[in-house]
Amino acid sequence: SRRARGRRAVATTASSKLSLCVGAENIPHPDKLTKGGEDAWFAVVDAARGGGTFGVADGVGGFNDQGVDPGLYARVLSYEALDAACKASSASRGPFGGGGVDPKRVAMAAQAGTKLPGAATMCVVTLDGASLKAANVGDSGFRVVRSGAVRYASTPSQHYFNCPYQLAYEELAKDCDSASDADVFSFNVKEGDLVIAGSDGLFDNVFDEEIVDVATRAFASAGDAASGAQAAATALAKVARKHAEDKKYDSPYAREAAKSDTDKGGAPKAVGLFGGLNKMLGGGGNLGGKMDDITVVVAGVVTTASAQSELAQSEALCEANTKKLAVVRGQASVEETKVARTVALRKEMDSAFKESVAKSEATSKAVANAKPEFTRAQVDAMDAPTVRKLLQERGLPTSGKLERLKDRLAEVKAL
């Protein structure tokens, strides 16, 4: 059964020497606390086989204006991604083998399986041996931290500032972006690396240098990899929220906003004293963090054989989150039924409209190609009563000068 989920396993074709030991934290927007925000995350850790897959999805808040909960779309999208990753992993361990988990295909399957209104950005990361692979759509993303620095990072994809690429159900949004166009990334990791993924609530509020510092310190202060990953995720989420609340903070989002203004031919606007000082110091004029949902997933790269207890702890965290996603997935079936009816009705109406247009065009073509019912010579030979009688029989006006009436009759087609 699609919704019956036991313990999940995502791994490479053979047992991997390296594993992702995951911790995660979510802090909803203050106005969205009651529904848990509009971000979602998923992760699978397999202590027995190693490897691992995780991702984040950020629901597009603009759909709230349409009475749609984008958080539902993001959570179902995450569940479908999890399901696709697990199926790919199972296939790779079967008798015919397979290519393991392809993050881009996971995102594609997730989009295809989420038949709901709404939209979301998405970042999917998987570990295959020592190769970290990722697919990203929009302004969620990931970083690889090693030896106190960001060694590799995804880049956001957006149509223009603050309008990221986003996934949606194509039957409801024909102009939505496609996971098949996701940016793909690959980087070889090693034991001790930290892989940090997050929604834009993290990256809009925290610069990479601070991400490295906060995550490294928090991870190192814990007693093991699982606790360290959780500590790092929690610390990063808290720092992001702190900056989001600070109206004087020169955030990454503020700088991008100022740059966008300049690119459009304007100038960054100084906001009060602090804005003016910031501008003189070379920063953007639009000060302040961006209040948003914040989701952070941190994965420590560990040696599978020597980190069994930590991986088991991380595995339990991931499975608890999977159960929550499964509950939402089940609840979404009611909404999916409504959407299916809407889509079917829309297709029926589109079909009827196309049929009507085709019929109208066929009639117009037939009229255009039809021969006159009477030749000009026949019409010219008719007297006035005959012309008026023939026009009346065909529902055409009979008043006017005779020559005009004859012209009108000569234009009648034989259908």
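Heads up: the sequence shown runs through residues 11 to 425, numbered per this note's numbering.
Cβ atoms here follow ideal geometry from the backbone N, Cα and C, with glycine treated the same way.
Inter-residue spacing [alpha-carbon to alpha-carbon] between Leu177 and Ala230: Mapped onto the sequence shown, residue 177 falls at position 167. Mapped onto the sequence shown, residue 230 falls at position 220. Rounded to whole angstroms, the separation of the alpha carbons of Ala230 and Leu177 is 36 Å.
DSSP on Glu325, reduced to helix/strand/coil? In the sequence shown, residue 325 corresponds to position 315, counting from 1. Here Glu325 carries a helix assignment [DSSP, helix/strand/coil].
First and last residue of the alpha helix (DSSP H) that includes Asp210? For the purposes of this step, residue 210 is taken as residue 200 along the sequence shown, with counting starting at 1. Start and end: 210-213.
Using the DSSP secondary-structure output, state which residues sit across from Val154 in a beta bridge. As a working note, residue 154 is residue 144 in the sequence shown. For Val154, which the question treats as bridged, DSSP gives the partners Tyr162, Val205.
Pick from Pro127, Val194, Glu413 that is closest to Cys186, judged by C-alpha positions: To locate residue 186, count along the sequence shown from 1; it is residue 176. Comparing alpha carbon positions, the residue from Pro127, Val194, Glu413 closest to Cys186 is Pro127.
For the pair the segment 35-53 and the segment 66-82, tell me if three or more CB-CB distances fall below 8 Å. A contact exists between the segment 35-53 and the segment 66-82.
Please report the Cβ distance between Gly299 and Ser261, rounded to the nearest whole angstrom; I am assuming they are in contact, meaning their Cβ atoms lie under 8 Å. For the purposes of this step, residue 299 is identified with residue 289 of the sequence shown, where counting begins at 1. For the purposes of this step, residue 261 is identified with residue 251 of the sequence shown, where counting begins at 1. About 4 Å; that satisfies the 8 Å criterion.
Roughly how many whole angstroms lie between the Cα atoms of Pro80 and Asp303? Within the sequence shown, residue 80 is the residue found at index 70, counting from 1. Within the sequence shown, residue 303 is the residue found at index 293, counting from 1. Pro80 and Asp303: Cα-Cα distance of roughly 12 Å.
Whole angstroms is fine: what's the gap from Ser409's alpha carbon to Ala391's? As a working mapping, residue 409 is identified with position 399 in the sequence shown. As a working mapping, residue 391 is identified with position 381 in the sequence shown. Distance between the alpha carbons of Ser409 and Ala391: 19 Å.
Name the DSSP beta bridge partners of Leu355, please? The residue given as residue 355 occupies position 345 in the sequence shown. Leu355 is not bridged to any residue.
Can you name, in chain order, every residue of its own chain whose Cβ lies under 6 Å from the Cβ of Leu142, other than the five neighbours on each side? Within the sequence shown, numbered from 1, the residue matching residue 142 stands at position 132. Excluding positions up to five away in sequence, the list reads Phe197, Val199.
Which same chain residues end up closer than 7 Å to Pro105 when comparing Cβ atoms and leaving out the 5 residues on each side of it in sequence? Taking the sequence shown and counting its residues from 1, one reaches residue 105 at position 95. Interpretation of Pro105 is limited by its pLDDT of 47, a score under 50 that renders its predicted location unreliable; the figure taken from the coordinates is listed afterwards. Counting only Cβ-Cβ distances below 7 Å, and skipping sequence neighbours, we find nothing.
Among Ala254, Lys333, Ser167, nearest to Asp214 - alpha-carbon criterion: Along the sequence shown, read from residue 1 onward, the residue named residue 214 stands at position 204. Ranking Ala254, Lys333, Ser167 by Cα distance to Asp214 puts Ala254 first.
Measuring CA to CA, which of Lys42, Cys173, Ala354 is closest to Asn6? The first residue shown for the chain is 11 and the last is 425, placing residue 6 beyond what the model contains.
Presumed contact (8 Å Cβ cut-off) between Thr314 and Ser29, rounded CB distance: Position 304 of the sequence shown, counted from the start, is the residue given in the question as residue 314. Position 19 of the sequence shown, counted from the start, is the residue given in the question as residue 29. The pair is a contact, with the Cβ atoms about 5 Å apart (cut-off 8 Å).
What's the C-alpha gap between Lys369 and Ser361? Taking the first residue of the sequence shown as position 1, residue 369 is located at position 359. Taking the first residue of the sequence shown as position 1, residue 361 is located at position 351. Rounded to the nearest angstrom, the two C-alpha atoms are 12 Å apart.
Helix, strand or coil for Lys200 per DSSP? The count along the sequence shown starts at 1 and reaches residue 200 at position 190. Three-state result, Lys200: coil.
Which residue marks the beginning of the alpha helix (DSSP H) containing His253, and which one marks its end? For this step, residue 253 is matched to residue 243 along the sequence shown. Taken as a continuous stretch (DSSP letters only), the alpha helix (DSSP H) holding His253 covers 235-255.
Among residues of its own chain, excluding the 5 on either side of Asp218, which ones have a beta-carbon nearer than 8 Å to its beta-carbon? The sequence position of residue 218 within the sequence shown is 208, counting from 1. Arg153, Val160, Ala163.
If you count every other CB in all the chains shown that lies within 10 Å of the CB of Cys173, and 16 or more means buried, which is it? If you number the sequence shown from 1, residue 173 lands on position 163. Cys173 is exposed by the Cβ-count criterion.
Please state if the CB of Arg85 and the CB of Val338 are separated by a distance shorter than 8 Å. Counting from one through the sequence shown, the residue named residue 338 turns up at place 328. Counting from one through the sequence shown, the residue named residue 85 turns up at place 75. Yes, the Cβ-Cβ distance between Val338 and Arg85 is below 8 Å.
Any beta carbon from chain D within less than 8 Å of Lys364's own beta carbon? Of the protein chains in this structure there is only one, and it is not chain D.
Please classify Ser374 as buried or exposed, where buried requires at least 16 other C-beta atoms within 10 Å of its C-beta. Taking the first residue of the sequence shown as position 1, residue 374 is located at position 364. Flag for Ser374 reads exposed.
Which of the three DSSP states is assigned to Pro38 in this structure? The sequence position of residue 38 within the sequence shown is 28, counting from 1. Residue state, collapsed to three classes: coil.
When you compare each of Glu358, Ala241, Gly139 to Gly62 by their alpha carbons, which one comes out closest? Here residue 62 refers to the residue found at position 52 of the sequence shown. When each option's Cα is compared against that of Gly62, the closest is Gly139.
Output the boundary residues of the beta strand (DSSP E) element that contains Asp138. The residue you call residue 138 lines up with position 128 of the sequence shown. Residues 129-138.
Reduced DSSP secondary structure (H/G/I, E/B, other) of Leu126: Numbered from 1 along the sequence shown, position 116 holds the residue referred to as residue 126. Reduced to three states, the DSSP call for Leu126 is coil.
Buried or exposed: which applies to Leu425, given that a residue is buried once 16 or more other Cβ atoms fall within 10 Å of its Cβ? Here residue 425 corresponds to residue number 415 of the sequence shown, with the count starting at 1. Leu425 comes out exposed.
In terms of residues, what are the limits of the alpha helix (DSSP H) holding Leu425? What you label residue 425 is simply residue 415 of the sequence shown in a count that begins at 1. Element bounds for Leu425: n/a, residue is neither H nor E.
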